[in-house]
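Chemist:
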Amino acid sequence: MELIDGKAVATAIKKEIDAEVEKMLAAGHRRPHLAAVLVGHDGGSETYVAAKVKACEECGFTSTLIRMEEDVTEEELLATVERLNNDNEVDGFIVQLPLPRHISEQRVIETIDYRKDVDGFHPVNVGRMSIGLPCFVSATPAGIMELLSRYNIPTRGARCVVLGRSNIVGKPVAMLMMQKANPGDATVSVCHSATRDLKDICRQADIIIAALGQPGFVTADMVKPGATIIDVGTTRVPDATRKSGFRLRGDVDFENVAPLCSFITPVPGGVGPMTIVSLMRNTLLAARHEIY
Ligand code: GUN
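Numbering (the numbering used here), first residue to last: 6 to 297.
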């Protein structure tokens, strides 16, 4: 069994990006600039956005954090999005999700200029990704593909089971895995809460990508010996021994599944660090105007 060290790969990629930024500066360009809009004070969102700002520093980017209170109106938020769309000093931006219930996430996403949509959530980017055109690919699926690539995990003709059908992970990663590309060219099944015979389907998989947000869902009896397991789960579970009072648990029963696998991602330190690095990559693409 080989552990897929997302943290180490992410550190290496951040160095690569920083070197690219140095070249841009030497050529007379300014630093890439990512802005993040954070509405309210959700603990998870605060942590994610802080990590994105820190990654910007590590990559040599400029970052701007725009905070708005929980009771901000949809109109006020949309006006901020429009301002960022028109700000030539900002290459790309994200609006951290989830948003308060009184705001339409879809409306916000569709208001973002797709050329600055470094999250890859705008329908133009999702559509382009699904037909294999240049676009911003959303960060978690892009990070998963990068790990498969860097670890030379064979995907061509492989049976790949994706657990979960979210717009952010399940659907896009299924699209990328089936695409005529390397990594890609897999035979993909997307499973969800209504799937029958789930265990039998999983047991046939060469690659399982677990993205359903249920800690420990994938158990040893669902895994074919020699399979590759990508664990996207990051559920906070109470842990009194930690200063924070919680720890992260993945969707895979790691202890019992890991000995069976050829490759597996840990939680934390697997997919998570790659997600942020993919956002940095997209910001670099935006700064170079490579998506238009
Ligand atoms: N909330 C959870 N993951 C993400 C992400 O990748 N981007 C944004 N904007 N919000 C999120």
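The C-beta atom is built at its ideal place from N, Cα and C for all residues, glycine as well.
Taking V276 and G148 to be in contact with their CB atoms under 8 Å, please state how far apart those CB atoms are, rounded to whole angstroms.
Modeler: For the purposes of this step, residue 276 is taken as the residue at position 271 of the sequence shown. For the purposes of this step, residue 148 is taken as the residue at position 143 of the sequence shown. V276 to G148, Cβ: 6 Å. Contact.
Chemist: Could you tell me which of E75, P177 and D76 sits nearest to P125, measuring between CA atoms?
Modeler: Locating residue 125 in the sequence shown gives position 120, where the first residue counts as 1. According to the sequence shown, residue 125 is Gly rather than Pro. The shortest Cα separation from G125 among E75, P177 and D76 belongs to P177.
Chemist: Do you know whose CA, among K59, R247 and Q209, lies nearest T67's CA?
Modeler: Here residue 67 refers to the residue found at position 62 when the sequence shown is read from its first residue. Cα-wise, what sits closest to T67 is K59.
Chemist: Going by DSSP in three states, R155 sits in which element: helix, strand or coil?
Modeler: Residue numbering aside, residue 155 sits at position 150 when the sequence shown is read from its first letter. DSSP places R155 within a helical segment (H, G or I) once states are collapsed to three.
Chemist: Where does S68 fall in DSSP's three states?
Modeler: Counting from 1 along the sequence shown, the entry for residue 68 is found at position 63. DSSP places S68 in strand when its eight states are reduced to three.
Chemist: Consult DSSP for R286 and reduce its assignment to one of helix, strand or coil.
Modeler: Taking the sequence shown and counting its residues from 1, one reaches residue 286 at position 281. The answer is helix: DSSP assigns R286 an H, G or I state.
Chemist: Using 7 Å as the cut-off, classify the Cβ of L89 as near or not near the heavy atoms of ligand 1, replying yes or no.
Modeler: Looking up residue 89 in the sequence shown gives position 84. No, the Cβ of L89 stays beyond 7 Å of every heavy atom of ligand 1.
Chemist: For a quick check, are the C-beta atoms of R286 and I22 less than 8 Å apart?
Modeler: The residue labelled residue 286 in the question sits at position 281 within the sequence shown. The residue labelled residue 22 in the question sits at position 17 within the sequence shown. Contact: yes.
Chemist: Return the bridge partner residues of A215 from the DSSP annotation.
Modeler: Working through the sequence shown from its first residue, we reach residue 215 at position 210. Bridge partners of A215: L168 and D236.
Chemist: Is there contact between the segment 104 to 116 and the segment 83 to 96, where contact requires at least three CB pairs shorter than 8 Å?
Modeler: yes
Chemist: Identify which residue in L289, T288, G189 and I99 has its Cα closest to the Cα of G137.
Modeler: Looking up residue 137 in the sequence shown gives position 132. G137 has its Cα closest to that of G189, out of L289, T288, G189 and I99.
Chemist: Measure the beta-carbon distance from V123 to I99 and round it to whole angstroms, keeping in mind my assumption that it falls under 8 Å.
Modeler: For the purposes of this step, residue 123 is identified with residue 118 of the sequence shown, where counting begins at 1. For the purposes of this step, residue 99 is identified with residue 94 of the sequence shown, where counting begins at 1. With a Cβ gap of about 6 Å, V123 and I99 count as contacting.
Chemist: Are the Cβ atoms of L168 and L217 separated by less than 8 Å?
Modeler: Counting from 1 along the sequence shown, the entry for residue 168 is found at position 163. Counting from 1 along the sequence shown, the entry for residue 217 is found at position 212. Yes, these two residues count as a Cβ contact at 8 Å.
Chemist: Only counting the same chain, and skipping five residues up and downstream in sequence, which positions put a Cβ closer than 7 Å to that of V129?
Modeler: Along the sequence shown, read from residue 1 onward, the residue named residue 129 stands at position 124. Correct list, in chain order: Y119.
Chemist: Are the segment 205 to 219 and the segment 243 to 254 in contact at 8 Å, needing three or more beta carbon pairs?
Modeler: With the cut-off at 8 Å, the segment 205 to 219 and the segment 243 to 254 do not touch.
Chemist: Within its chain, find whatever has a CB closer than 8 Å to the CB of R112; leave out the 5 residues flanking it on each side and keep chain order.
Modeler: Counting from one through the sequence shown, the residue named residue 112 turns up at place 107. E79 and L83.
Chemist: Who does Y253 pair with in a DSSP beta bridge?
Modeler: Residue 253 sits at position 248 when you count from the first residue of the sequence shown. This sequence places Leu at residue 253; Tyr is not what is there. The partner list for L253 (beta bridge, DSSP) reads R241.
Chemist: Does ligand 1 have a heavy atom nearer than 7 Å to the CB of R99?
Modeler: Numbered from 1 along the sequence shown, position 94 holds the residue referred to as residue 99. Correcting the residue identity first, residue 99 is Ile in this sequence and not Arg. Flag set: Cβ of I99 near ligand 1.
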